[in-house]
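Numbering of the sequence shown is given in our numbering, commencing with residue 3 and proceeding in unit increments. First up is the structure itself, then whatever we jot down about it.
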Amino acid sequence: MLQMTNTHKGGLAMENTMENIWKPVAGGLMTKWAEEMDVYNVLPEYPRPQMVRGQWLNLNGLWDYTVRKMDESGHPAYRGRILVPFPLESALSGVKRALLPDEVLWYRRVFTVPSDWQEKRILLHFGAVDWRANVWINGHHVGEHTGGYYPFTFDISKYAREGTNEITVSVWDGTDACGLERGKQALEPQGIFYTAISGIWQTVWLEPVPRTYIKSHRLTPDLDNERVLVSLECGGELSGSYLKFEVTVFDRNEVVTSQRTRVNEVLELKVANPKLWSPDSPFLYDIRIDLLNDETVIDSIHGYFGMRKYSIARDNEGVKRLFVNNKPLFQNGVLDQGYWPDGLYTAPTDEALELDVALTKQLGFNMSRKHIKVESARWYYHCDRLGLIVWQDMVSGGKNVNIVLNGIIPMVASGVRIRDDKYEKVGRQEKVSRDTFEKELKEMIDSLYNFPCIGMWVPFNEAWGQFDAERIAKWVKEYDATRWVDHASGWHDQGAGDLKSVHTYFRKLKKPKKIKDRPWAITEFGGYSLPIEGHAWEQSKEFGYKKFKRLEDFERAYRSLMQKQVQPLIAKGLSASVYTQLTDVESETNGLITYDRKVLKLGTSFHVVVEQTKDYEQRMKYSPEKDVFIETEYKSLLFARNFPYPYGWLKESGTPPGDHLDAILMSLKPYELGSIEAVKIIGCFRRSDGDHKLVCVPGGRPETDLADLHQDEKEALYRLYPSVGEGEGWFGAEKAREIVETFLSVGRNT
C-alpha cells in the first residue's frame, strides 16, 4: 500500500529559546515512547491512509495556549506552550490540567504555505477535537464543528496568504456536566470512569488539492458477486455529469482491473477470483482513483480495500452464527478502551498504536471491541493490515442516569431489562442529547465505513444513554447492510439487532434464555485484576471484578475461565466472546497488559519443571500417563561438572509436552524433583547440533542478560560451555524468545 510522508515540515516561527522547550508533566506513569518524544516531529505518519495524496503539511507540534472563562472577551493572552495533538489533561501536552465547563481552551500557531501550493485550494484537516471547536485563519472565522471523535475539514483557500499565516482555535467541552457523547470521560474520575480529555487530540494538517477535487469516496465489497461498489463525492468548482472517475485495482504492483464511470454514478468494479481479507489472511488490494475532466486527470488519491463479507447463517447443526466470508468464525475478542497513561486518548507514537494491535493478535485474539471510543484512522489501518476484526462501539452519552435501575440491578440480576423509550429513565430526557447522538452515530459510520476490519456497529453499551435502540438498530442496518449490529450490548435487550449480547462478571458463563432467533455472544466477561508494582496509575487503588496477587494465579485463572467456561459454550451456539480487557486503565488493573505497556501479564510467564537437582543426579523423565516423574538409567553430566543449578524443561501452559526445550534455572533454592518455577528467559547457549539450553532466572529477579548474572553463576555456565564452534555460543533473550516461539508455533507445547 502506498504511504506518503510529510513533504513539508512546518514549525512555529519562533526562536528555540529555553522558554519554548517542551517537557512532559513529570510524576505520573509513562510509556517508553514518552522518553523518545521529538516536539519537531510529532506523529509524522500520514493521518488518512485510505485516501492518500502526495503533498501535505503536518501542523502537529508546539502551539501557544491559554485557558480562560467563557465570559471573558477580547483577544486571549497566551500563557504557555502545549504539544499538539495531546489533550490538555495529558502529561504529554506539557500542561496536564482539567478544562472545566465554564472555561474555553484557546490555541494559536503560525504556518507558512509552501510556494508551490499557491494555485491550489488549501484544506485544513482536524482528526478530532473534543468538543466544540471554532477556527480562525488570520482573524477570519472559517467554521465551527461539534462532536469530539470525528474528522472535519475547512477550505481556507480565501483566507490563507503568502508568507506567515496564523491559525487560532477555541474549544469548549462540557464533558460529563452535560448529556453529550463523551464515553468514559469524567471530571472526577474514579473506578470505571477516567480522566476527561479536551481539545485537539488527533493530527492537524494542511493539504493542497486541485480547484475541483475528490472530497470523499465509499467502497463496498460484494464478495458473492465478486465486485466492489465505488462511489465518489467531489468538491470545488466543477460539477456535472461530464466529470468521470477511473478506478484501478492493484495486487501489489500488478493491475487487477481498471474501470471508469461518471461521477454521479456507482461504479460496479469486477474483481474476479478475489483474494479474501480475514484475520488469518488479511489481504488488501491497493486502489487508485483518478478524477477526470474529459480525458485529463485533475485529481488522484490512493487507498486500499479488503474483499470480505460479514453475515449471519446457520451452521451444519442448524445453529445461527456469525459468518465471515460465508464460513462460521468464532470471534475471540478483547475489550480495548484506547487509553494511554501519558497521552490519554492519544497514543504517544504510531509505533505504540500498532503495538496494541500486534499484542492483541499475539495474545490469540482475532477481534477487538473498541469500547465507547473512536480511534484515529491509523489504528483501524493497523487492524486492516494485521487482520483484526473490530466491533465498534458508539460513544456513550446521556445524563442523570438512574444508577440502580441502569447499573446495579442489571449487573447482579440476569435478564432484567427496561423499555428504552422512557427517556427520563435512561438519561435522554433532552431532545438535543438524542439528536446529537444520532448525528454523531452517522458521522462515525461515514468516517469508518471503508475500513474492512470493522464487522459490527454497537450503538449502545449497558444502557449508558440507551434510547430507541430498536429504531436506531434498524436505521443502522439500512444505512450499512454490510455489517452486523449489536443494538444493546449487555443489558436492556429490546429483541432487535443481529445479536443477543450479554455481559457476565459475577456469575458462571452460560447460554441466555431469550435469544429470539439470533446468534448470541458474551460481549463482556472476566475483568480479572492483577496490579503490577511500579506499573500502576495509582498503586493504592485497584479496580477489577476478581482480584489476584500473583502472576501464576492470574494466568491459571484466566486459562481456566477460557478453557472450562468459554470453550464448552461454543458448541451451544456461542458466536463470540469479549474478555475485559486488553490493558489496565487508570485505577482499573484488570488488563492483560499494564497501562504503561511494559508488562504483559499473560503469555510471557513461562515455567521450568525441575528435572535434575544437585541432590538427585539420576536423570528423570515425566510420564504424562501416570502424571509422575520416573527414573531412567542415564547419569547426569551436568552435576559431574560441579554445576549446582537445577536443570529441567520449559513449559508454557500447564500441559506437559512430549517434546520439550531444555532449560537451566539459575537459582540455588532447594527444589524437589518436579517442582515448577515461574521464570524469565534471559538467553540461551546454542550448539550446531541443535542442542539449545535456555537460561532462566526466577521471575522476580532483575537480570536480563548473561552479563547481569553473579560471577559464580557465570563461571558455572562457562564450565558447561568452555569453548564453542562457529555459529555456536551465547545468544541473548531476543534469540531465545525466537526459539521458544518457533517451538510453540508447531503445537508441541500448547
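Note that the Cβ used here is the ideal one computed from N, Cα and C, for glycine as well.
Residue burial annotation: His142 is exposed, with fewer than 16 other C-beta atoms found within 10 angstroms of its C-beta. Just so you know, the alpha carbons of Glu105 and Val249 end up roughly 48 Å apart. Ranking Asn62, Phe453 and Ala680 by CA distance to the CA of Ser669 puts Ala680 first. Take the alpha-carbon of Ser491 and the one of Ala28: they are about 38 Å apart.
Bounds of the beta strand (DSSP E) holding Ala665 are Leu663 to Leu667.
In the three-state reduction of the DSSP assignment, Gln261 falls in the strand class. When the Cα atoms are used, His77 and Tyr109 turn out to be separated by approximately 12 Å.
Checking the DSSP bridge columns, you'll see Glu590 partnered with Phe545 and Val587. Taking 4 residues as the shortest admissible run, the stretch 374-399 contains the following complete alpha helix (DSSP H) segments, listed from N- to C-terminal end: 379-388. A direct Cα-to-Cα measurement between Ser577 and Ala475 gives close to 20 Å. Within the same chain, Thr33, Trp35, Ala36, Met39, Leu94, Trp342 and Asp344 come within 7 Å of Pro350 by CB-CB distance, once the 5 residues on both sides are set aside. Judged by beta-carbon spacing, Val251 lies within the 9 Å limit of Val230, meaning their Cβ atoms are closer than that value.
Taken atom to atom, the span from the alpha-carbon of Asp288 to that of Val258 is near 10 Å. Residue pairing from DSSP places Cys698 in a beta bridge opposite Leu667 and Ile683.
Shown here, Ile474 sits in a helix according to DSSP, grouped into three states. Residues of the same chain with a CB within less than 6 Å of the CB of Glu432, apart from the 5 flanking positions on each side, are Gly181 in chain order. Using a C-beta cut-off of 8 Å, the stretch 278-296 makes no contact with the stretch 41-48, since fewer than three inter-stretch Cβ pairs fall below that distance.
Proximity of the stretch 553-563 to the stretch 297-311 falls short of the contact definition, fewer than three beta-carbon pairs being nearer than 8 Å.
Per the Cβ contact rule, the stretch 160-177 is not in contact with the stretch 315-325 (fewer than 3 Cβ pairs under 8 Å). Across the set Asp358, Trp279, Ser200 and Glu705, the C-alpha of Asp358 shows the shortest separation from the C-alpha of Asp598. Counting other Cβ atoms within 10 Å of its Cβ, Phe154 reaches 16 or more and is therefore classed as buried.
If you draw a straight line from the Cα of Asp495 to the Cα of Phe247, it comes to about 44 Å.
Beyond the five residues adjoining it in sequence on each side, Glu47 comes within less than 7 Å, by CB distance, of Asp352 and Arg380 in the same chain, given in chain order.
In the displayed model, Leu708 falls within a helix according to three-state DSSP.
Linking Leu365 to Glu267 through their CA atoms gives a straight-line distance of about 44 Å.
For the pair of segments examined, the stretch 333-340 was found to touch the stretch 368-379: the number of CB pairs separated by less than 8 Å reaches three. Setting aside the 5 residues that flank it on each side, Pro454 is surrounded in the same chain by Trp279, Gly308, Arg310 and Asp386, each with a C-beta closer than 6 Å to its C-beta; the list follows chain order. Your pair Asp500 and Ile374 does not check out as a contact, with CB atoms roughly 19 Å apart and the cut at 8 Å. With a 10 Å radius around the Cβ and a threshold of 16 neighbouring Cβ atoms, Glu535 comes out exposed. In this structure Ile139 is buried. Its beta-carbon is surrounded by 16 or more other beta-carbon atoms within 10 angstroms.
Annotated as proximal: Tyr215 and Ile300, with beta-carbon spacing under 9 Å. DSSP places Ala349 outside both helix and strand once states are collapsed to three, so it counts as coil.
Under the DSSP assignment, Phe252 falls in the beta strand (DSSP E) whose first and last residues are Leu245 to Asp253. In this structure, the beta-carbon distance from Pro330 to Trp207 does not fall below 9 Å. Judged by beta-carbon spacing, Ala465 lies within the 9 Å limit of Trp493, meaning their Cβ atoms are closer than that value. One alpha carbon belongs to Glu480, the other to Trp393, and they sit about 18 Å apart.
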